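Taking it in order: structure first as structure tokens, then the write-up.
Residue numbers (the numbering used here): 1199 to 1572.
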């Protein structure tokens, strides 16, 4: 039940992708300063309320405020430490603590206006307006929850205005719902801005490391992966679990497809070839398109039997006659050069160069051939 409530409060209609929703939820961790200054404002208000009323309820308010501040700051710390795993319980507790804080703040401000002291009432009204303004901005990433806390702050204060002995305070009962509705409108606008910004950032991150045509990881991603594998290899070159292989693939006959059928047809072939290679390799292998009609496959192991079978599967998959539409078909084949680490090199440059030389040798001997670096 709690998980269902958490999912409902942290999503909005229309439902966003999981990656976007995750980033929106994580904005809850960016509120340390807002929590701190909000608490200072509340403590200042409660302290003045004590001096004016000589009552005990401001003391209770201050204690609750400080306890909630410590709890929320602790939850933020836990959330930052487990950010990569994103424990929903921590975010649920953060939302619960935030909702409780909003309710207590609304009730405390209501007590202030009920006293009839004009200055204290003005300070309380400023706090409510400020809290709702901050909610519309800082909580806009989770709008359903934000609307809830807007109500939790505003509703008790609305009751306090109705009960206040201050002349014409009741007229503010008409203004507060309008103000709250305006804050809801603002927070949904901010939500849309947050979503667009996150979507753009995710897209830019994807395009930086992925090929726009095939969706496969690109040369930048290959460089990063090779660097990581070679770094692991350098720790112990005798550990076979750190060894890996690289296949450098170049398409035979692709230029003819571009020349005879056009570049649009060539793009279709590249997309289909990328999908074919991906379908031929194992789940633990990674396929890259590094430019033009060149692909690379990284194999995180050195099993000779799997290695030979994998090369054969790739060549069979790529040699398939691809349908270009309108009764047109394209036939290509794959020339493959391969290298293994640490046998043929221990750096990204050395491994790529060895595989490239093997590919060059394969293409010199014909089409659809595989040669391993010597």
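C-beta: ideal position from N, C-alpha, C; glycine also.
For clarity, every value in this text was computed on a predicted model and none was experimentally measured.
- In terms of CA proximity to residue 1357, 1323 leads the group 1529, 1335, 1323.
- The residue among 1392, 1465, 1333 with its C-alpha nearest the C-alpha of residue 1521 is 1465.
- CA-CA distance, residue 1354 to residue 1424, rounds to 60 Å.
- Per DSSP, reduced to three states, the secondary structure at residue 1481 is coil, with no helix or strand assignment.
- For residue 1531, the CB contacts under 8 Å within the same chain, skipping 5 residues up- and downstream, are 1449, 1450, 1451, 1513, 1516, 1517, 1565, 1566 in chain order.
- Secondary structure at residue 1223: helix, using DSSP grouped into helix, strand and coil.
- In this chain, the beta strand (DSSP E) harbouring residue 1492 covers 1492 to 1497.
- The segment 1383 to 1401 makes no contact with the segment 1357 to 1367: fewer than 3 CB pairs, one atom from each, lie closer than 8 Å.
- Here the C-alpha atom of residue 1264 lies approximately 10 Å from the C-alpha atom of residue 1258.
- Beta-bridge partners of residue 1570 (DSSP): 1536.
- A direct Cα-to-Cα measurement between residue 1482 and residue 1498 gives close to 7 Å.
- By the beta-carbon neighbour count (other beta carbons within 10 angstroms, threshold 16), residue 1538 is buried.
- Note on geometry: alpha-carbon atoms of residue 1488 and residue 1406 lie some 13 Å from one another.
- Around the beta carbon of residue 1238, fewer than 16 other beta carbons sit within 10 angstroms, so the residue counts as exposed.
- A check of alpha carbon separations from residue 1550 across 1492, 1231, 1525, 1454 identifies 1492 as the nearest.
- Cβ atoms of residue 1329 and residue 1236 come within 8 Å of each other, at about 7 Å.
- For residue 1569, the CB contacts under 8 Å within the same chain, skipping 5 residues up- and downstream, are 1534, 1535, 1536, 1556, 1557, 1559, 1560, 1563 in chain order.
- Note on geometry: alpha-carbon atoms of residue 1349 and residue 1378 lie some 8 Å from one another.
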